[in-house]
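Peer 1:
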Amino acid sequence: MEFRLLGPFEARRDGRLLPLGGRRQERCLLAVLLLEADRVATVSRLIGVLWGDTPPASARGTVHTYIGRLRAALAPHGIALETVRDGYRVKPGPYTVDARDFTALVRRAARAAESARRIRLYDEALALWRGPLLLDAADDALRDRLGAHLADLRLTALEERAAEHLFLGLHERVVSDLTGPASEHPGRERLVAAVMTALHRGGRQTDALELYRSTRRALVRGLGVEPGGVLTTLHDRILRGDPRLDGPSAPLHAVRVGGEWLPWTTSGHPALEFCNTFAGWGGPRLPGSEWLTRYGTLAVWCGHHGVVDERTVGGLLRQAAERPAEAGRALDRARGFRARLYTCLTRPDDVPAFRDVAAVVDEAAAHSRFVRGADGLGHWQVGPAAGLSLPLFAVARSAAGLLADPRRLLVRACPGEGCGWLFSDESGRRRWCSLRTCGGSGTPAH
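At position 350 of the sequence shown the residue is numbered 343 (the numbering used here), and the sequence of numbers has no breaks.
#1: Could you check whether the Cβ of F347 sits closer than 7 Å to any heavy atom belonging to the ligand FMN?
#2: So does the region 165 to 172 actually touch the region 185 to 196, counting three or more Cβ pairs closer than 8 Å?
#3: Does the separation of the CB atoms of E266 and H228 fall below 8 Å?
#4: Extract the residue ranges of the beta strand (DSSP E) inside the region 349 to 427, only unbroken runs of 3 or more that lie entirely within it.
#5: Contact defined as beta carbons within less than 8 Å: I believe A314 pairs with L285. What is the distance between those atoms, to the nearest angstrom?
#6: With burial defined as no fewer than 16 other Cβ atoms inside 10 Å of the residue's Cβ, what is the status of L(-2): buried or exposed?
#7: Alpha carbon to alpha carbon, what distance is there between A144 and G221?
#8: Could you tell me which residues DSSP puts in a beta bridge with E(-5)?
#9: Buried or exposed: which applies to P85, given that a residue is buried once 16 or more other Cβ atoms fall within 10 Å of its Cβ?
#10: Below 8 Å, how does it come out for the region 106 to 124 and the region 151 to 169: are there three or more Cβ pairs, yes or no?
#11: Beta-carbon separation of S391 and A264 under 8 Å?
#12: In the region 314 to 352, which residue ranges form an unbroken alpha helix (DSSP H) of at least 4 residues, counting only runs that do not cross its ends?
#13: Given a cut-off of 8 Å, decide if G124 and G0 are closer than it, judged by their beta-carbon atoms.
#14: To the nearest angstrom, how far is it from the Cα of C407 to the Cα of L184?
#15: Touching or not, the region 125 to 139 and the region 71 to 88, by the rule of three or more beta carbon pairs under 8 Å?
#16: Could you check whether the region 317 to 325 touches the region 369 to 379, counting it as contact only if at least three pairs of C-beta atoms, one from each stretch, sit closer than 8 Å?
#17: Between P277 and the rest of its own chain, which residues show a CB-CB distance below 6 Å, the 5 nearest in sequence each way excluded?
#18: For E165, does the three-state DSSP call read helix, strand or coil?
#19: State the start and end residues of the unbroken beta strand (DSSP E) segment that holds E75.
#20: Are the CB atoms of L415 and C295 within a distance shorter than 8 Å?
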């Protein structure tokens, strides 16, 4: 049996539409149970979802009535509703739920190692999307309470698939798939930027610039804000005719790890590597120099540099796919921490920067425990309760170790033009980072 919740509610068996949940709220209640089939939905939870903060006095009795009707309707199809203490659960059985399949496919796509496979999985997931959750049964407020994360997850899947299409040179697909969503969601900068880039690569610079202008108008009128750095930088690059926008290419000084582009290793110390980019920090920021653009990249980077184990990386990727908005906030914090850490290492007299870094280190300490590693040595380990902030806290612990170590005084910033990468000059003779192309004489970072 198939339950379709993405778009109008449908229950189908052998392709035949079944008349389940005659009342709108009955369908919504069944949707809650199906979305949370792996755990018990308490009566209080069901009341809160269906009626929000102002339930009627009869709400509890109404829920029991709806459950009775649904039990009778589902029983002939081998699907049972269990009573578990003060709640209900749909027992595992011969049924599928499109919203759960959608979430699982997006998770698998985020973990896939190859671009072609990621695209296939995103295609499968997005093909299940017939419209917003319970389009014919829930209003916007109820839909937000039931599954606002699903709408965010769809946009994230569109953005990630577009990135893969651009990487493979399939800019026509991006224009055909995302022109509508980009107009509907001007606040999703990655979405708009992908379409602008694709239009530019297709020789439609005028259309790309018009999309920027229409997006800016929508943001200013609707939210009172200007476009962010991603869009304004892209707009400037299109105006300048930056040739690096004309086609996909590997980032400068990068390696491919777990399906992600990461910067070259220049120092060997995670806290220093975290501060580096594809093309350095010195001078004006070069287009394409940023590597920390996706939460998945952050998680893979942490595994690559050994600040978290590979099993934890897999868990973080799954969590990020389920909670894209939270992952975005964690990524923003990581970027901010990196900038303050770089300041700490290059300008040690900047007390505010040190305090900002120390505040994150304090948070990391509260989520850490001291464990015995496989090498027989003790290690600080950030616990899973840190959630999607775990990579940030793991890097913060590494940074704290460096800032408390005399080796911190040996950190240098490469003086090469446009570089500025950090490295440790433990020999006292090293003068530039490991690019070997910068030349010149190294200068202390402080």
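Quick reminder that beta carbons are idealized off the backbone N, C-alpha and C, glycines included.
Just so it is clear, the structure is predicted and the values come from calculations on it, not from any experiment.
Peer 2: Well, looking at it:
#1: This structure lacks the ligand FMN; in fact it carries no ligand of any kind.
#2: yes
#3: Contact: no.
#4: 361 to 365, 371 to 375, 404 to 406, 415 to 417
#5: That pair is no contact at about 18 Å.
#6: buried
#7: The straight-line gap from Cα to Cα measures roughly 22 Å.
#8: R5, T89
#9: exposed
#10: yes
#11: yes
#12: 317 to 339
#13: yes
#14: If you take the alpha carbons of C407 and L184, they lie about 35 Å apart.
#15: no
#16: Two segments are said to touch when three or more pairs of C-beta atoms, one from each, lie closer than 8 Å; by this definition the region 317 to 325 does not touch the region 369 to 379.
#17: Here the model assigns P277 a pLDDT of 49, short of 50, so the residue's position is not dependable and the matter cannot be decided.
#18: Helix.
#19: 74 to 76 is the extent of the beta strand (DSSP E) around E75.
#20: No, the Cβ-Cβ distance between C295 and L415 is not below 8 Å.
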